[in-house]
Amino acid sequence: MKARNEWLGRVNRVPTPILFGCALLMVAAIALLGYRTGWQLRFSFLFLIPIALLSWFAGNWSGLAISAISALAWLVAARESGHTFSRDAILYSNSLLLLGVFLVFGSLLSALRRAHTREQLLARTDSLTGIPNHHAFFENARLELSRAARYQRPLTIAYIDLDDFKAVNDRNGHEGGDRLLALTAATIQNAIRATDLVARLGGDEFCVLLPEAGPAEATATLRKLEAQLKAALVRERWDATFSMGAVVFRAPPESPEEMVRLADGLMYSIKARGKGRLEVQVFGE
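Under this note's numbering, think of the first position of the sequence shown as 9, with each following residue one higher.
Structure below.
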């Protein structure tokens with residue numbers, strides 16, 4: 009399963025023009041096979057291979073284009089191979105029939121891929137805030153840990169928790185609490201770098217991952233985030249505060265779970281000592 013997913017991931021990264029070129033070569037090879045052997049209709053299913061390749065990996069329009077090219081290639085190969093038909097109309101009606109089959113096959117496969125992509129996105133996205141969820145965070149964190157270990161680069165994680173969120177819900181109702189969570193997520197996302205990751209781990213808890221951020225850079229980024237969060241809460245007239253515990257790893261920990269545990273512990277330590285503050289610790293000094 010892992011090898012299959014890695015292979016699919018590599019194919020997904022291949023540019024569409026290269027995929028289209030490979031599909032054209034397949035179509036040409038199949039048509040040549042038919043031409044050299046004396047065309048037989050049962051060979052036509054081989055065209056479904058390049059159609060499937062483009063429909064799944066390059067999208068609907070590429071799949072439709074290669075479907076039309078495949079039907080045309082079948083027509084030319086069948087006509088030039090010397091295969092005889094009782095009437096020319098049979099040759100052309102067969103090619104139209106194949107065109108219909110190819111178009112339907114490609115369209116259905118493209119629709120299946122779009123549905124699959126949507127399902128994957130929903131499974132990795134928090135439905136309330138629109139940011140990555142717990143599953144997506146740990147998946148990305150594992151990749152960043154591997155990268156940090158490979159290149160010996162620092163890595164920072166910040167754990168953010170809204171203080172007394174239950175009281176916010178009691179005062180404003182769950183709909184009000186949801187609006188506060190959405191505001192918090194949007195503010196964090198706007199404040200961090202494009203290479204950083206914010207995720208909602210559950211309830212009123214958020215995690216921010218800062219790849220290649222050492223103590224100075226992480227502190228500057230998180231101070232900016234802290235200021236923007238406070239400004240957003242004041243602007244929207246929310247009587248709420250938050251506690252943020254951040255850990256800078258000079259050397260990556262063994263697992264994302266260990267990383268989160270340390271940041272979570274620091275955040276709860278802040279809450280126990282008064283709440284409403286940011287603290288940054290360096291691990292591995």
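Note that beta-carbon positions come from the ideal geometry of N, C-alpha and C, so glycine has one too.
As the structure is a computational prediction, the values presented were derived from the model and not from experiment.
Rounded separation between residue 222 and residue 163 - CA only: For residue 222 and residue 163, the distance between alpha carbons rounds to 7 angstroms.
Residue 260 to residue 153 span [Cα, whole Å]: Here the alpha carbons of residue 153 and residue 260 stand approximately 6 angstroms from one another.
Ordered list of beta strand (DSSP E) runs contained in the stretch 228-281, each at least 3 residues: As far as the stretch 228-281 is concerned, its whole beta strand (DSSP E) runs of at least 3 residues are 250-257.
When you compare each of 39, 103, 30 and 99 to residue 71 by their alpha carbons, which one comes out closest? Cα-wise, what sits closest to residue 71 is 30.
Measure the Cβ-Cβ separation of residue 284 and residue 250 and say whether it is below 9 angstroms. Against a cut-off of 9 angstroms, the Cβ pair of residue 250 and residue 284 comes out as a contact.
Delimiting residues of the beta strand (DSSP E) encompassing residue 22: Boundaries cannot be given for residue 22, as no beta strand (DSSP E) includes it and DSSP labels it neither H nor E.
Any heavy atom of the ligand ZN inside 8 angstroms of the beta-carbon of residue 82? In terms of ligand content, the structure shown is empty, and the ligand ZN therefore cannot be addressed.
Can you give me the C-alpha to C-alpha distance between residue 78 and residue 114, rounded to a whole angstrom? If you take the alpha carbons of residue 78 and residue 114, they lie about 12 angstroms apart.
Taking the Cβ atom as the reference point for each residue, do residue 165 and residue 280 lie within a distance shorter than 9 angstroms? The answer is no: Cβ separation not under 9 angstroms.
Quick one: grab the DSSP three-state call for residue 160. Residue 160 falls in the coil class under three-state DSSP.
Flag this pair as yes or no: are the beta carbons of residue 117 and residue 64 separated by less than 9 angstroms? Cβ atoms of residue 117 and residue 64: closer than 9 angstroms.
If you count every other CB in all the chains shown that lies within 10 Å of the CB of residue 208, and 16 or more means buried, which is it? Result: buried.
Quick check on the burial criterion: 16 or more other C-beta atoms within 10 angstroms. Buried or exposed for residue 22? Burial state of residue 22 is exposed, judged by a 10 Å Cβ sphere holding fewer than 16 other Cβ atoms.
DSSP state of residue 208 mapped onto helix, strand, coil: In this structure, residue 208 counts as strand in the three-state DSSP scheme.
Roughly how many angstroms lie between the CA atoms of residue 9 and residue 61, to the nearest whole one? At residue 9 the pLDDT is 49, less than 50, meaning the model places this residue with poor confidence; the figure from the coordinates comes in the next sentence. Here the C-alpha atom of residue 9 lies approximately 19 angstroms from the C-alpha atom of residue 61.
Backbone secondary structure at residue 321 - three-state DSSP: Past the edges of the chain, shown from 9 to 293, lies residue 321, and the structure says nothing about it.
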